[in-house]
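Residue numbers (this note's numbering), protein chains in the order written: chain A, 1 to 86; chain B, 1001 to 1183.
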Amino acid sequence: MQTDVQVRKARGRLSRHVQNKLGETLHAMFDEIVKEGVPDRFSKLLEQINGGGGLHGTRSGEPDAAETRPDPLVRAKGPEDKGSRS
Amino acid sequence: MTLQASVREAMLAAVPSLRAFAISLSGNVDRADDLVQETLLRAMANITSFQPGTNMSAWLFTILRNLFRSEYRKRRREVEDVDGSYAESLKSHPEQHSRVEFEEFRVALAKLPPDQREALLLVGASGFSYEEAAAICDCAVGTIKSRVNRARTRLSELLSIDSADEFGPDHTTRAILTAGGRG
Chain A
1 MQTDVQVRKA RGRLSRHVQN KLGETLHAMF DEIVKEGVPD RFSKLLEQIN
51 GGGGLHGTRS GEPDAAETRP DPLVRAKGPE DKGSRS
Chain B
1001 MTLQASVREA MLAAVPSLRA FAISLSGNVD RADDLVQETL LRAMANITSF
1051 QPGTNMSAWL FTILRNLFRS EYRKRRREVE DVDGSYAESL KSHPEQHSRV
1101 EFEEFRVALA KLPPDQREAL LLVGASGFSY EEAAAICDCA VGTIKSRVNR
1151 ARTRLSELLS IDSADEFGPD HTTRAILTAG GRG
């Protein structure tokens, strides 16, 4: 990996130091939001779905439009889980 | 439509980081929470297209990113919300400090083109690999790398961080790190 911790600004490459600074701030900003946990509206939403009947009330038999037509914003497949999330 | 408990748990577990991504991407908590809600609804409506064993979090991030992009195209002519509505919305957290520094960072972030911003947030904050980020953004790995590099360079310019100094006075950075509550 990179052992050169010296200032490297040529060709727009930032020093490791600057990258670390930015990374730390980004993580700190993220962590602060993550620490807020799951707002009620989302846990309730998922509970509701789970609680039987489903999102669209008691209507059944009629296939949901989303099931017959693929949603263009939802890709069929997420990236493979390579377990790289820390 | 019923959700398997495991699927529901996986979705729930992804919500905090999904929100962090949405808030940082849109710069607005209300809009971000609407994005998260819409993402969960779409995910549940399309749960059959989710392949078990693949990364639920990455799948949700993909949906949210696509929603944001399609919304962004519609709203392109509107001014980005960088007027402090985020800071405003956090008033219920009186204990937290370094608000000013985060705000400064967030304003700089909002000045990045969306493709650079999302690449940086995915790789630099959300913990995705370059490969995963490329899959989420539906582009080449090399494209993600160059977007992340450009984002970092631009941010360091906007925040006047140079190699020797931290931006702002020393205590600022320390405050940020403390507020980050790592671990």
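Built from N, CA and C at the ideal position, the CB exists for glycine as well.
- Per DSSP, reduced to three states, the secondary structure at Pro1016(B) is helical.
- Within the same chain, and ignoring the five residues on either side of Ala1133(B) in sequence, the residues whose Cβ sits closer than 7 Å to its Cβ are Ala1119, Leu1122, Val1123 and Ile1144.
- Look at Asp71(A): its C-beta is under 9 Å from a C-beta on chain B.
- For a cut-off of 8 Å, the C-beta gap from Phe30(A) to Ser1146(B) is around 23 Å, too long to register as a contact.
- When beta bridges are read from the DSSP output, Thr1054(B) appears opposite Pro1052(B).
- Gly1027(B) sits buried, since 16 or more C-beta atoms from the chains shown fall within 10 Å of its C-beta.
- For a Cβ distance threshold of 9 Å, residue set Leu26, Met29, Phe30 and Ile33 of chain A lies close to Ser1024(B), ordered along the chain.
- Residue burial annotation: Arg1154(B) is buried, with at least 16 other C-beta atoms found within 10 angstroms of its C-beta.
- Going by C-alpha positions, Ala1013(B) is about 32 Å away from Arg16(A).
- Pro1114(B): member of the alpha helix (DSSP H) spanning Pro1114 to Gly1124, first to last residue.
- Residue environment analysis places Thr1062(B) among the buried positions, since at least 16 neighbouring C-beta atoms fall within 10 angstroms of its C-beta.
- For Gly23(A), the enclosing alpha helix (DSSP H) starts and ends at Arg16 to Val34.
- Thr1062, Ile1063, Asn1066, Leu1067 and Ser1070: these are the residues of the segment 1061 to 1074 of chain B whose beta carbon lies less than 8 Å from some beta carbon of chain A, given in chain order.
- Neighbours of Val1015(B) across chain A, judged by C-beta separation under 7 Å: Val38 and Phe42.
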